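K.L.:
Sharing a structure below in structure tokens format, with a few things to ask.
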Amino acid sequence: MKGFTGMRLHRAALTVVTATSVVLAPVTVPTATAADAAAGTSAQPASTPSPTCADSDAIYRTTSGSWSWGLRNSFINYINGPIARGTITVDGDVVGQDPKPNGPFGKGNPRSFSFPTMPDEIDPTQSIMLATRGSVHITGHAYERADKQPILDDTFSAFRLILKGTTATLKADMKARAFVDTEKLGPWIDSPDVDVATWTLTQPVVVPAEGGTVTFTSGSGEAGRGQFTTEGLKAFGNFYGESDGWVDPISGSFTVERECPPPPPEVPVGNPQVTVSRTEFDASRSEAVTVTGTGFTHPAAVSTRPPFPGMSSGVYVAFGKFPATWKPSAGVPSSSRPYASVNWAVPAELVPLIGGTALGATPLTPDGAFSATLLVDKAAADAAAAEKGITDGVYGIYTYPGGGAEVPTFETFTPVTFTTPAPTTEAKPTTEPAPTTEATPTTEAKPTTEPAPKPAPTTEAKPTTEPAPAPSTPATPTTQAPAPKPTPTPTPAPEPVGSLNLPFLSFLTPLWTAIRGLFGGATGTGTVQGSLPGSLTGASASTSAPAPSTPAATPTPPAGSAPGSSGSSVELSGARFQLAFIPGLIISAAVSGLLFLLRTFLHR
């Protein structure tokens, strides 16, 4: 084990000596007599009269005092002698007394100790505790080791002397090394809050009813010795047994002051007022309401039952369906007030005692004001009332004193009403509008198995008197009878029909259009179109009724096209050829035959 590296720190504050407010039970405090003083204890009354109050209401406090103890003189002499060659040091409020005056060893070490007491509140009818901050540290046999760590190492701290009747008990925190031998370090023994020693006093300790100074002693010499406890003997390496584990006598005194508690503040009679944020609710829903109150103060508002009897009763704030006669002041039991939601407004210091705000506690200010939030639920109120057999109750916000108190002015009622909204049928959506698209052609061609034509990237058809093929859903080739030409209005062009995968024949498109227009003024809708390299798209020839079109400017002839011969003029991209009858017939027949053969071949 490594050596002791520092003195054990005493407790900075002792919970056992923290002054707290105590309400004393009714007692009769005896007064010390002259016989007591002669026997070794005495009580001197306070020099000034104590305030007027019953002893049971008085507060007693120790204001000063001290007691003395020499530990065990044989042990102190051993520490100060040539064998142990030890040290004795004190810390805190402990005072070393009777230092050794001379000698090669232990010079200046104290041989007894004084323990000044801290002020504390006491109950004269119970045990009295005199507490002292500080410590006593004793070491020995350090010279026998090369590292100079003491083999004997004891620290006593946080002293509390408990006086009750004729018994005095010393409690302390102890830390000591167990003794192994004079060369080897023993393990640490840590013993907090243990009884170190006890004494029998010559007389009971008595506190005068009016306060004063109290003295006590265990006597002197061997007659006044006390006894180490079993735990106390461990601090001395068990060198001593129970038969010879005596300790030096003790003696001391302390002063007690008697005080009367200040009278409680006078509680005014308030004028309770309640404000509710709303009073009309939806019967089908649970809705919140804010309830504020003022003036809820009264001397009679004192709780008569747990959790805090004798303290402020506060006020209950509840929503429910109560019977017409519901008030506590009318003798109505709490079972006839079936609330659906409730808050308990109490002084702020009492809020934690009833579970805090999470469980419905609401702070009540000293002037009787509160703000509470309730849930108003008609179904819940009906269920709570039905459980208590109440069928003719009245819905409302109620307030009344808590804790069993009876304060009629705390009893208030604010009615609430419920509405049942007329059933509403949500308008079901009609056919949802289709996404906005551009107008589609009025005349739709039936789809075929042919792939949809794609617009040629090089030559765009310009508007003419003929319907331009629109790249859309492919349709089955149809033949329609010519129809009268309608008034020219812009209309979408019909879908292209058929397809010929002949990009190299795109030059025949204007020729074919001109020839078809020559006979009867019909406009051919069949086109032979080119496309991007590698694709083969076009349209098979078909005949459709003429469609009106918006006159358009004459398009620029595409590259690679040339005007026709034989006195004809050619308008490219859909312009009509003006040909002589016979040559046109021959050319038309030849082209028609060629297209027919190609179409037949490709669609086999």
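Counted the way mature numbering (1 follows the signal peptide of the UniProt record, and there is no 0) counts, the sequence shown spans residues -34 to -1, 1 to 570.
Ideal placement from N, C-alpha and C gives every residue a C-beta, glycine not left out.
Nothing here was measured: the structure is a model prediction, and the numbers come from that model.
1) Classify Val240 as helix, strand or coil using the three-state DSSP reduction.
2) Within a Cβ cutoff of 6 Å, which residues of the same chain sit near Thr258, ignoring the five residues on either side of it in sequence?
3) Take Gly261 and list the residues in its own chain whose beta-carbon comes closer than 7 Å to its own, dropping the five residues that flank it on each side.
4) Please state whether the Cβ-Cβ distance between Pro230 and Ile25 is less than 8 Å.
5) Which value, in whole angstroms, describes the spacing of the CA atoms of Ala108 and Ala201?
6) Hey, quick one: how far does the beta strand (DSSP E) through Thr196 stretch, first residue to last?
7) On the criterion of 16 or more Cβ atoms from any shown chain inside 10 Å, does Arg565 qualify as buried, or is it exposed?
8) Quick check: the Cα distance between Val373 and Glu225, rounded to an integer number of angstroms?
9) Indicate whether the contact test is met: 3 or more Cβ pairs, each with one atom in the region 341 to 360 and one in the region 277 to 289, closer than 8 Å.
10) Just how far apart, CA to CA, sit Pro417 and Pro389?
11) For Ile128, which residues from the same chain have a beta carbon less than 6 Å from its beta carbon, with the 5 sequence-adjacent residues on both sides left out?
12) Could you give the distance in angstroms between the alpha-carbon of Ser243 and the alpha-carbon of Val255?
13) Relative to the C-alpha of Gly177, which candidate in Gly152, Lys150, Glu87, Thr183 has its C-alpha closest?
14) Kindly give me the distance between the Cβ atoms of Gly106 and Arg51, rounded to whole angstroms, as I take these residues to be in contact under 8 Å.
15) So, with DSSP's three-state summary, where would you put Leu568?
16) I'd like the list of long-range same chain contacts for Ala306, defined as Cβ closer than 7 Å, with 5 residues on each side in sequence excluded.
17) What does the alpha-carbon distance come out to for the pair residue 579 and Thr323?
18) Buried or exposed: where does Thr520 fall if 16 or more other Cβ atoms within 10 Å of its Cβ makes it buried?
19) Apply the 10 Å Cβ neighbour rule to Gly355 and answer buried if 16 or more other Cβ atoms are within range, or exposed otherwise.
20) Which same chain residues end up closer than 6 Å to Lys130 when comparing Cβ atoms and leaving out the 5 residues on each side of it in sequence?
21) List the endpoints of the continuous beta strand (DSSP E) containing Asp161.
22) Between Gly58, Thr168, Lys73, which lies nearest to Thr121 when the distance is taken from Cα to Cα?
23) Would you say the region 261 to 274 touches the region 289 to 297, given that touching needs at least three Cβ pairs under 8 Å?
24) For Thr166 and Thr53, I'd like the C-alpha separation in whole angstroms.
25) Quick one: complete beta strand (DSSP E) runs, 3+ long, within the region 51 to 90?
26) Just the Cα atoms here: how many angstroms apart are Thr133 and Thr164?
27) Relative to the C-alpha of Glu315, which residue among Ser278, Pro289, Arg303, Pro304 is closest?
28) The beta strand (DSSP E) spanning Lys130 covers which residue range?
29) Just confirm the distance between the C-beta atoms of Phe182 and Ser217, as a whole number of angstroms; I'd bet it's less than 8 Å.
30) Indicate whether Pro265 and Val317 have their beta-carbon atoms separated by less than 8 Å.
31) Would Val171 and Val162 be called neighbours here (beta carbons separated by less than 8 Å)?
32) Check whether the Cβ atoms of Glu188 and Arg27 sit closer than 8 Å, and answer yes or no.
33) Measure the C-alpha to C-alpha separation of Pro67 and Gly47 and round it to an integer number of angstroms.
34) Within its chain, find whatever has a CB closer than 7 Å to the CB of Gly31; leave out the 5 residues flanking it on each side and keep chain order.
35) Taking a contact to mean a Cβ-Cβ separation below 8 Å, would you say Val56 touches Pro70 in this structure?
36) Going along the chain, which residues of its own chain have a beta-carbon closer than 7 Å to the beta-carbon of Thr380, five neighbours each way excluded?
P.N.:
Answer, in terms of the structure:
1) For this step, residue 240 is matched to residue 274 along the sequence shown. Note: Val240 maps to strand in three-state DSSP.
2) Working through the sequence shown from its first residue, we reach residue 258 at position 292. Excluding residues up to 5 positions away in sequence, Thr241, Ser337 lie with their Cβ nearer than 6 Å to the Cβ of Thr258 in the same chain.
3) What you label residue 261 is simply residue 295 of the sequence shown in a count that begins at 1. Closer than 7 Å at Cβ, skipping near neighbours: Gly236, Asn237, Pro238, Gln239, Gly334.
4) As a working note, residue 230 is residue 264 in the sequence shown. As a working note, residue 25 is residue 59 in the sequence shown. No.
5) Counted from its first residue, the sequence shown places residue 108 at position 142. Counted from its first residue, the sequence shown places residue 201 at position 235. The alpha-carbon atoms of Ala108 and Ala201 are separated by roughly 17 Å.
6) For the purposes of this step, residue 196 is taken as the residue at position 230 of the sequence shown. No beta strand (DSSP E) holds Thr196; the alpha helix (DSSP H) holding it covers 196 to 200.
7) Here residue 565 is taken as the residue at index 599 of the sequence shown, counted from 1. That one is buried.
8) The residue you call residue 373 lines up with position 407 of the sequence shown. The residue you call residue 225 lines up with position 259 of the sequence shown. Cα to Cα, Val373 sits roughly 33 Å from Glu225.
9) yes
10) Against the sequence shown, residue 417 aligns to sequence position 451. Against the sequence shown, residue 389 aligns to sequence position 423. Because the pLDDT of Pro417 is 48, which lies under 50, any placement of that residue in the model is unreliable, and the number read from its coordinates should be weighed accordingly. Taking the straight line from one Cα to the other gives about 56 Å.
11) For the purposes of this step, residue 128 is taken as the residue at position 162 of the sequence shown. Same-chain partners within the cutoff: Ser93, Met95, Thr135.
12) Here residue 243 corresponds to residue number 277 of the sequence shown, with the count starting at 1. Here residue 255 corresponds to residue number 289 of the sequence shown, with the count starting at 1. About 6 Å.
13) One-based indexing of the sequence shown puts residue 177 at position 211. For the residues Gly152, Lys150, Glu87, Thr183, the minimum Cα distance to Gly177 belongs to Glu87.
14) Translated into the one-based positions of the sequence shown, residue 106 becomes position 140. Translated into the one-based positions of the sequence shown, residue 51 becomes position 85. Indeed, because the Cβ distance is near 7 Å, the residues count as touching under 8 Å.
15) For the purposes of this step, residue 568 is identified with residue 602 of the sequence shown, where counting begins at 1. DSSP places Leu568 in helix when its eight states are reduced to three.
16) The residue given as residue 306 occupies position 340 in the sequence shown. If we look at Ala306 and ignore the five residues flanking it on each side, its Cβ neighbours are Phe285, Gly286, Asp343, Ala346, Ala347, Ala350.
17) Residue numbering for the chain in the displayed model covers -34 to 570; residue 579 lies beyond these limits and cannot be assessed.
18) Along the sequence shown, read from residue 1 onward, the residue named residue 520 stands at position 554. Any reading at Thr520 is ruled out, since the residue's pLDDT is 46, under 50, leaving its predicted position unreliable.
19) Position 389 of the sequence shown, counting from 1, holds the residue named residue 355. Classification of Gly355: exposed, given that the 10 Å Cβ count is below 16.
20) Taking the first residue of the sequence shown as position 1, residue 130 is located at position 164. So the qualifying residues of the chain are Ser93.
21) In the sequence shown, the residue the question calls residue 161 occupies position 195. Judged by DSSP secondary structure, Asp161 falls within the beta strand (DSSP E) whose first and last residues are 154 to 166.
22) Here residue 121 is taken as the residue at index 155 of the sequence shown, counted from 1. Nearest option by C-alpha distance: Gly58.
23) As far as the Cβ criterion goes, the region 261 to 274 does not touch the region 289 to 297, which means the pair count is below three.
24) Here residue 166 corresponds to residue number 200 of the sequence shown, with the count starting at 1. Here residue 53 corresponds to residue number 87 of the sequence shown, with the count starting at 1. So the two alpha carbons sit approximately 30 Å from each other.
25) With a minimum length of 3 residues, the continuous beta strand (DSSP E) runs that stay inside the region 51 to 90 are 53 to 58, 61 to 63, 78 to 82, 86 to 88.
26) Residue 133 sits at position 167 when you count from the first residue of the sequence shown. Residue 164 sits at position 198 when you count from the first residue of the sequence shown. Distance between the alpha carbons of Thr133 and Thr164: 7 Å.
27) Working through the sequence shown from its first residue, we reach residue 315 at position 349. Comparing Cα-Cα distances from Glu315 to each of Ser278, Pro289, Arg303, Pro304, the minimum goes to Ser278.
28) Here the question's residue 130 lines up with position 164 in the sequence shown. Its beta strand (DSSP E) spans residues 118 to 130.
29) Working through the sequence shown from its first residue, we reach residue 182 at position 216. Working through the sequence shown from its first residue, we reach residue 217 at position 251. Between Ser217 and Phe182 the Cβ distance is about 7 Å, and since that is below 8 Å, they are a contact.
30) On the sequence shown, position 299 is the one that residue 265 refers to. On the sequence shown, position 351 is the one that residue 317 refers to. Their beta carbons are not under 8 Å apart, which means Pro265 does not touch Val317 by this criterion.
31) By one-based count along the sequence shown, residue 171 stands at place 205. By one-based count along the sequence shown, residue 162 stands at place 196. Taking 8 Å as the cut-off, the Cβ atoms of Val171 and Val162 do not count as close.
32) Sequence index remark: in the sequence shown, residue 188 carries index 222 (1-based). Sequence index remark: in the sequence shown, residue 27 carries index 61 (1-based). It is not a contact, given that the beta carbons lie outside the stated cut-off.
33) Taking the sequence shown and counting its residues from 1, the one referred to as residue 67 is at position 101. Taking the sequence shown and counting its residues from 1, the one referred to as residue 47 is at position 81. In a straight line, the C-alpha of Pro67 is about 13 Å away from that of Gly47.
34) In the sequence shown, counting from the first residue as 1, residue 31 sits at position 65. The residues are Thr83, Leu96, Gly218, Ser219, Phe220, Thr221.
35) As a position in the sequence shown, residue 56 is number 90, starting the count at 1. As a position in the sequence shown, residue 70 is number 104, starting the count at 1. No, they are not a contact pair.
36) Stepping through the sequence shown from its first residue, residue 380 is reached at position 414. So the qualifying residues of the chain are Val240, Val242, Thr245, Gly362, Ile363.
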